[in-house]
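Reading through the structure tokens given below for one structure.
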Amino acid sequence: MNTSFETVTIESWSHLQEELFADSWNAKIGRFRSHHAFRGLSDARYPLITTLMRLGGRFDELERHLVRNFRKYAHGSVVERDSFWHWVSVAQHYGLPTRLLDWTNSPYVALHFATANVERFHVDGAIWVVDHTRVHRELPGVLREALDQEGASIFTVEMLSERVASFEEMARISPDPFVLFFEPPSIDPRIYHQYAFFSVASDNRLALDDWLGPQAQVARKLIIPARLKWEVRDKVDLANINERTLFPGLEGLCRWLRRYYSPSMEWTPEEER
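Rendered as structure tokens:
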């Protein structure tokens, strides 16, 4: 696997903040506005592979059957508009294995997902930080022009639907694999509470970290050492980023309470060491 992207090992909570918000100043408007996609992983060793790829076997051939049958059996119950990108967004949201990968605009939401599983606190976690504006500079002309015409940095499902009608059509746009980011429709409060959006590759066999490796200054991988996880977790909870707020409803409430009251290993705050 190509690992030429920048890897940064976090030394402290303050160092983590610096890295999460690095390069977020927009001099044109004099404001902080991030152009990064964030993804939190409880184990830094996990690759950026999709749920479709995790099926194993001939997963690339199974994709069209999964999507076709989802559309057949889910029709009329969950999709507001009959466009391909609405369908795959809904399918991803409800757990169908797809080539889509979940991301968030919020570094703190990514921190939540990196530290939500207390059973993985003995291993290092990670936050992937990807500059989606740089990723989109590598798009084929027809798609790059679509963003320019809208003055947008990320696609919407409507923008994609006007130009790409299927995964097969996406693959035919260019012989070279490419990746784009798009915002799903707000079909569920979880999507906007989590500030969520998706990446999708033109080749469903493409592992995103393999593709990101050769792309200069596009991605960084922040390693959160196991020794810092409890501190990060507790401070993210203090910022009110947790299962209760990100997964509205009783299920999210119970998940938050179960984790929040889990016994924790002893650790000493940095200022008292």
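Numbering-wise, numbering that gives the first Met the number 0 puts 101 at position 102 of the sequence shown, and it's gapless, one number per residue.
Every residue gets a Cβ at the ideal spot worked out from N, C-alpha and C, and that includes glycine.
Can you list, in chain order, the residues of its chain whose CB lies under 6 Å from that of residue i, leaving out five sequence neighbours each side?
{"i": "Ile172", "result": "Pro139"}
{"i": "Lys245", "result": "Per the sequence shown, the amino acid found at residue 245 is Leu instead of Lys. Contacts found: His192, Gln193."}
{"i": "Leu19", "result": "Pro106"}
Is the separation between the beta-carbon of residue i and that of residue j shorter than 7 Å?
{"i": "Trp84", "j": "Ser160", "result": "yes"}
{"i": "Thr103", "j": "Leu51", "result": "no"}
{"i": "Asp59", "j": "Ala225", "result": "no"}
{"i": "Phe166", "j": "Glu182", "result": "no"}
{"i": "Arg243", "j": "Gly251", "result": "yes"}
{"i": "Thr8", "j": "Ile222", "result": "yes"}
{"i": "Ala145", "j": "Gly39", "result": "no"}
{"i": "Glu5", "j": "Arg136", "result": "no"}
{"i": "Ala200", "j": "Val235", "result": "no"}
{"i": "Ala115", "j": "Ala43", "result": "no"}
{"i": "Asp202", "j": "Pro174", "result": "no"}
{"i": "Leu95", "j": "Phe69", "result": "yes"}
From the DSSP output, in three-state form, read off residue i for me.
{"i": "Val141", "result": "helix"}
{"i": "Phe4", "result": "coil"}
{"i": "Glu271", "result": "A caution first: Glu271 carries a pLDDT of 46, below 50, which makes its placement in the model unreliable, though a value can still be read off. In the structure shown, Glu271 sits in a helix (DSSP, three-state: H, G or I)."}
{"i": "Glu167", "result": "helix"}
{"i": "Leu15", "result": "helix"}
{"i": "Asp123", "result": "coil"}
{"i": "Ala115", "result": "coil"}
{"i": "Phe37", "result": "strand"}
{"i": "Asp81", "result": "coil"}
{"i": "Ser23", "result": "coil"}
{"i": "Val178", "result": "strand"}
{"i": "Trp266", "result": "Unreliable placement is indicated for Trp266, whose pLDDT of 48 sits below 50; no coordinate value is reported for it."}
{"i": "Ile172", "result": "helix"}
{"i": "Ser261", "result": "coil"}
{"i": "Thr225", "result": "Per the sequence shown, the amino acid found at residue 225 is Ala instead of Thr. In this structure, Ala225 counts as helix in the three-state DSSP scheme."}
{"i": "Phe31", "result": "strand"}
{"i": "Arg162", "result": "coil"}
Considering only C-alpha positions, which residue in the set the options is nearest to residue i?
{"i": "Val231", "options": "Thr6, Phe4, Val7, Trp12", "result": "Trp12"}
{"i": "Ala21", "options": "Tyr93, Asp130, Glu157, Asn203", "result": "Asp130"}
{"i": "Ser198", "options": "Leu245, Gln91, His192, Leu237", "result": "Gln91"}
{"i": "Arg162", "options": "Leu142, Leu65, Leu100", "result": "Leu142"}
{"i": "Glu118", "options": "Trp127, Tyr107, Ile186, Ser41", "result": "Ser41"}
{"i": "Val128", "options": "Gln216, Lys71, Arg70, Pro247", "result": "Gln216"}
{"i": "Glu168", "options": "Phe180, Asn68, Arg63, Asp81", "result": "Arg63"}
{"i": "Val134", "options": "Asp147, Met158, Phe180, Tyr45", "result": "Phe180"}
{"i": "Gly55", "options": "Arg204, Tyr259, Tyr45, Asp233", "result": "Arg204"}
Among residues of its own chain, excluding the 5 on either side of residue i, which ones have a beta-carbon nearer than 7 Å to its beta-carbon?
{"i": "Trp24", "result": "Phe31"}
{"i": "Asn1", "result": "Note that Asn1 scores 47 on pLDDT, short of 50, meaning its location in the model is unreliable; the coordinates nonetheless yield the value given after this. Result list for Asn1: Asp209, Gly212, Pro213, in chain order."}
{"i": "His14", "result": "none"}
For my contact list, residue i and residue j are in at a C-beta cut-off of 8 Å; report their separation, rounded to the angstrom.
{"i": "Lys228", "j": "Phe112", "result": "Going by Cβ atoms, the distance from Lys228 to Phe112 rounds to 12 Å, so no, they are not a contact pair."}
{"i": "Phe154", "j": "Ser105", "result": "So it is not a contact: roughly 19 Å between Cβ atoms."}
{"i": "Asn239", "j": "Trp255", "result": "Contact flag wrong, Cβ pair sits at about 11 Å."}
{"i": "Ala88", "j": "Val156", "result": "Reading off the sequence, residue 88 comes out as Ser, not Ala. Yes, they are in contact, since the Cβ atoms of Ser88 and Val156 sit about 6 Å apart, within 8 Å."}
{"i": "Leu207", "j": "Leu47", "result": "4 Å"}
{"i": "His34", "j": "Ser185", "result": "His34 to Ser185, Cβ: 21 Å. No contact."}
Which residues in the same chain as residue i place their Cβ atom closer than 8 Å to its Cβ, once the five residues preceding and following it in sequence are excluded?
{"i": "Trp266", "result": "Confidence is the limiting factor: at Trp266 the pLDDT is only 48, short of 50, which leaves the residue's position unreliable, though a coordinate-based value still follows. The answer, listed in chain order, is Arg226, Trp229, Glu230."}
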